[in-house]
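Working notes, beginning with the structure itself.
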Ligand SMILES: [Zn+2]
Ligand SMILES: [Zn+2]
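In the numbering used here, the protein residues as written are 1 to 328.
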């Protein structure tokens, strides 16, 4: 080969070089493209799974609330630390659900329950969790605070207080909607030295915790013939109350607590006579107030909210409660 031949080879190499570079660059771009496509797919899967876990937490919380509530009302034994019991229960449910989750797809889920506590809204419970989802080199971690209703169709809980307080005084029975005290409430109040308790022989109170829709509460007493008060009692509603205990403290057998809670009426059996003017106040947090062995039960005045067949349907309410419900 002469020198011209070499020159030609070098020349053709130079001519081919841009084409080679172009191929290299295009190859690189396409491999970046495919890795970003797979990253996007992974991040879609991670976010979708995160959303699923976020939606699951309230459902599992409702489940553990109902389970602990059932245990307490069946045994009459209060929980010593309801927040810890519920936190541990929820952690266990999440672990068993997500331990093996997504193994086949390479997804990993971890969920740590930081706290289960009372909410500022008394008919809700606050759940704090840390949720972590990973797939390949994509991960998402978030601290969640969720308010879980205790009065939704998915979460029906019974008031545990009557079952705990009356356990050793004859116990209570219940229909699907009401707690029936027989003589146990009278026995419990007598034992504590409370007077005029016979009005509570065969008293009843609501079983399932339901939030009263008649708001403002003063409408109860201001309505024509106390019709709203009667509807409220017949439906077994509960009312927001800074004196009544929250649901988590009720599971611990406390009728009062520092949290914003709720109260309901303990309703005396209809009476054929109208002669008793005073008996323990019918708000449940007053009836069951035996905190630290000190009786916080005080009397209320006779309020007849309905008459039928010679029977008086009545409550006993102090001035504070009469005012709250618009009766005076
Ligand atoms: Zn009401
Ligand atoms: Zn409380």
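Glycine residues also receive a C-beta, built at the ideal position from the N, C-alpha and C atoms.
Alpha carbon of residue 362 to alpha carbon of residue 170, nearest angstrom: In the structure displayed, the chain extends from 1 to 328; residue 362 sits before or after that span and is not available.
Pair within 8 Å by beta-carbon distance, residue 251 and residue 160: Counted from its first residue, the chain shown places residue 251 at position 251. Counted from its first residue, the chain shown places residue 160 at position 160. A distance below 8 Å separates the beta carbons of residue 251 and residue 160.
Residues near residue 101 by beta carbon distance below 6 Å, same chain, minus five either side: Counting from one through the chain shown, the residue named residue 101 turns up at place 101. Answer for residue 101: 109, listed in chain order.
Whole-angstrom C-beta distance between residue 283 and residue 265, which should lie under 8 Å: Position 265 of the chain shown holds residue 265. Position 283 of the chain shown holds residue 283. Their Cβ separation, rounded to whole angstroms, is 7 Å, which keeps residue 265 and residue 283 in contact under 8 Å.
Distance cut-off 7 Å: residue 261 Cβ against heavy atoms of ligand 2: Walking along the chain shown from the start, residue 261 turns up at place 261. Yes, the Cβ of residue 261 comes within 7 Å of a heavy atom of ligand 2.
Bounding residues of the alpha helix (DSSP H) (the contiguous stretch that carries residue 96): Taking the first residue of the chain shown as 1, we reach residue 96 at position 96. 82 to 98 is the extent of the alpha helix (DSSP H) around residue 96.
Rounded Cβ spacing between residue 116 and residue 86 (contact assumed at less than 8 Å): For the purposes of this step, residue 116 is identified with residue 116 of the chain shown, where counting begins at 1. For the purposes of this step, residue 86 is identified with residue 86 of the chain shown, where counting begins at 1. With 8 Å as the limit, residue 116 and residue 86 qualify as a contact, their Cβ atoms being about 4 Å apart.
Residue(s) in a DSSP beta bridge with residue 113: Here residue 113 refers to the residue found at position 113 of the chain shown. 129, per the DSSP bridge assignment.
Residue 240 in three-state terms, based on DSSP: The sequence position of residue 240 within the chain shown is 240, counting from 1. Reduced to three states, the DSSP call for residue 240 is strand.
Residue 278 beta carbon near ligand 2 (any heavy atom closer than 7 Å): Mapped onto the chain shown, residue 278 falls at position 278. Because no heavy atom of ligand 2 lies under 7 Å away, the Cβ of residue 278 does not count as near it: no.
Residue of 57, 97, 65 and 163 minimising C-alpha distance to residue 128: For the purposes of this step, residue 128 is taken as the residue at position 128 of the chain shown. Nearest neighbour of residue 128 by Cα position, chosen from 57, 97, 65 and 163, turns out to be 57.
Best match in 214, 241, 273 and 240 for proximity to residue 230 [C-alpha to C-alpha]: On the chain shown, position 230 is the one that residue 230 refers to. Per the Cα distances, 214.
Classification of residue 320 by the beta-carbon crowding that lies within 10 angstroms, buried from 16 upward: Reading the chain shown from its first residue, position 320 is the one you call residue 320. Under this definition residue 320 is an exposed residue.
Ranges of the beta strand (DSSP E) found wholly within the region 117 to 177, counting only runs of at least 3: List check, beta strand (DSSP E) in window: 124 to 135 and 138 to 149.
Inter-stretch contact (C-beta, 8 Å, three-pair minimum) for the region 201 to 208 and the region 216 to 227: No contact exists between the region 201 to 208 and the region 216 to 227.
Endpoints, the beta strand (DSSP E) within which residue 305 is located: Position 305 of the chain shown, counted from the start, is the residue given in the question as residue 305. Residue range 299 to 308 is occupied by the beta strand (DSSP E) that includes residue 305.
contact_flag[the region 68 to 76, the region 150 to 164] where n(CB pairs < 8 Å) is 3 or more: Cβ pair count under 8 Å is three or more, so yes.
Through-space distance from residue 259 to residue 334, alpha-carbon basis: Outside the modelled stretch of the chain, which goes from 1 to 328, sits residue 334, for which no answer is possible.
CA-to-CA distance, residue 256 to residue 183, given in whole angstroms: Reading the chain shown from its first residue, position 183 is the one you call residue 183. Reading the chain shown from its first residue, position 256 is the one you call residue 256. The straight-line gap from Cα to Cα measures roughly 23 Å.
Per-residue burial, residue 304 [other beta carbons within 10 Å of its own, 16 or more giving buried]: Counted from its first residue, the chain shown places residue 304 at position 304. Flag for residue 304 reads exposed.
Exposure of residue 233, with buried meaning 16 or more beta-carbon neighbours within 10 Å: Taking the chain shown and counting its residues from 1, one reaches residue 233 at position 233. Per the 10 Å Cβ criterion, buried.
Euclidean distance between Cα positions of residue 339 and residue 37: The structure shown does not extend to residue 339, since the chain is modelled only from 1 to 328, so the question has no answer here.
Contact test: residue 237 Cβ vs ligand 1 heavy atom, cutoff 7 Å: As a first step, residue 237 is located in the chain shown; it is residue number 237 there, counting from the start. Yes, the Cβ of residue 237 comes within 7 Å of a heavy atom of ligand 1.
Nonlocal neighbours in the same chain, by C-beta distance under 7 Å from residue 332, ignoring five residues either side: Because residue 332 is not part of the residues shown, which for the chain are 1 to 328, the question remains open.
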